[in-house]
Amino acid sequence: MTNRSSGSGVALITGANKGIGFEISRQLAKRGITVVIGARDEKRGAEAAARLRDEELDAHHVRLDVTDASTIEPLPRFFEERFGRLDILVNNAGVLLDEGTPLSDLDIGVLRQTFETNFFGVFAVSKALLPLIRRSEAGRIVNVSSQLGSLADIGDPGSDYAGFISFAYSSSKVALNALTALFAKELRGSNVKVNSADPGWVQTDMGTAAAPLTPEEGADTPVWLATLPANGPSGGFFSSRQPMAW
Ligand code: NAP
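Following the working numbering, the numbering of the sequence shown begins with 2 at its first residue and continues without gaps.
The structure is reproduced here in C-alpha cells:
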C-alpha cells in the first residue's frame, strides 16, 4: 500500500547522478522512499547510488539516457521485477546548450538536441512508465522546469532574467510546462498528480557557483511535489512551494 505521508514507495529520478537530481534523490530517500537514480553513464549512476547507501539510504541505479529509446524500453520491466511498483517519477534530466546565443546564431540542431532531452525525453519516459504509476495509490510525476520556461516571465521586462538569452532552453521548458498541464488534464480524477517545479537558480554545473541557492534548497519544491498528499494540487507550476505563472 502506498502512503506518501508515511514515506513508503519507489521513485525514479532522471539525471540524478549529480546536481539537483542527486539532492532530490537524497531527500526522498531520507523520507523512507526507495530511490532509483537514473543516469546515462552507468558508472556515475552506480557511484551516486553508493554515496546514498553510505548514508544508510535505500538507493539503486539504472542506466537511462532519456534520448535513447533502448534505455527507456526496459524500464517498466525493471521496476516490475525489482520492486513490483513505481510511485514517483521526477523528470529532472535537462540540458542548457545555448546560454547567451542570440537567435541569429542559434543552430537548429542545438534547438532539436535541447528538445530531445528537455521535452521528448520527458514524454517518452513518462509514457513508458505511466501504466505502472497509474497502479500506485498515490502516483506523482514532477517535471523539473524553470522560471525561464514561464511565458509570463519571458514577457516581463522587469524580470530578473530579462537579460538572459536561451531560446532553445526556454522554449523547451515552455513546452515541458504544456506537457505537465496536458498530462494532468488527461489524468484528472485518477490517483496520479502531475506538476512542474522551478527549483530556483541553483549551484550546480548548470547553474554555476554564482547561483544563490544550494542543491538542497533547489530540491525542496520538487520533493514537496513528489510527496504531495491526496488533496494536493495537480496540473500546476510551482516555485518555493508557491504557484508560479505559466
Ligand atoms: P546538472 O548539474 O547539469 O545536471 C543535469 C543532469 O541531467 C546530469 O545528471 C546529466 O547527466 C543529466 N542528463 C543530461 N542529459 C541527459 C540525458 N539525455 N539522459 C539522462 N540524463 C541526462 O544540472 P542541474 O542544475 O542539476 O539541473 C537539473 C534540472 O534542473 C534540469 O532540468 C534543469 O533544467 C533544471 N533547472 C536548473 C536550474 C539551476 O539553476 N541549476 C534552474 C532551473 C531549472 P550527466 O552527468 O551524464 O551529464
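C-beta: ideal position from N, C-alpha, C; glycine also. Please read these numbers as outputs of a predicted model, since none were measured by experiment.
Point to revise | Cβ-heavy atom distance, Lys174 to ligand 1, below 8 angstroms | key: Here the question's residue 174 lines up with position 173 in the sequence shown. Correct: Lys174 has its Cβ closer than 8 angstroms to ligand 1.
Check your understanding: Which full runs of the beta strand (DSSP E) of 3+ residues lie inside the stretch 136-194, going along the chain?
Key -> 140-145
Check your understanding: Taking the runs of the alpha helix (DSSP H) that are 4 residues or longer, which of them lie wholly in the stretch 17-75?
Key -> 20-31, 43-55, 70-73
Point to revise | Neighbour flag for Ala49 against chain D, beta carbons, 9 angstroms | key: Among the protein chains of the structure shown there is no chain D, as only one such chain exists.
Practice item. Output the distance between the C-alpha atoms of Glu43 and Phe124, rounded to the nearest integer angstrom. Key: Your numbering for residue 43 matches position 42 in the sequence shown. Your numbering for residue 124 matches position 123 in the sequence shown. Computed Cα separation, rounded: 22 angstroms.
Point to revise | Neighbour-count burial assignment, Gln243, 16 or more Cβ in a 10 Å radius | key: By one-based count along the sequence shown, residue 243 stands at place 242. It counts as exposed.
Check your understanding: Do the CB positions of Leu177 and Ser137 come within less than 9 angstroms of each other?
Key -> For the purposes of this step, residue 177 is identified with residue 176 of the sequence shown, where counting begins at 1. For the purposes of this step, residue 137 is identified with residue 136 of the sequence shown, where counting begins at 1. For Leu177 and Ser137, no; Cβs fall outside 9 angstroms.
Review point. Hey, is Gly95 close to ligand 1, as in C-beta under 8 angstroms from one of its heavy atoms?
Key: One-based indexing of the sequence shown puts residue 95 at position 94. Gly95 Cβ: within cutoff of ligand 1.
Practice item. Could you tell me whether the stretch 96-115 touches the stretch 41-60, using the rule of 3 or more Cβ pairs below 8 angstroms? Key: no
Exercise for review: Answer with buried or exposed for Ala185, where buried requires no fewer than 16 other C-beta atoms within 10 angstroms of its C-beta.
Suggested key: Taking the sequence shown and counting its residues from 1, one reaches residue 185 at position 184. Buried.
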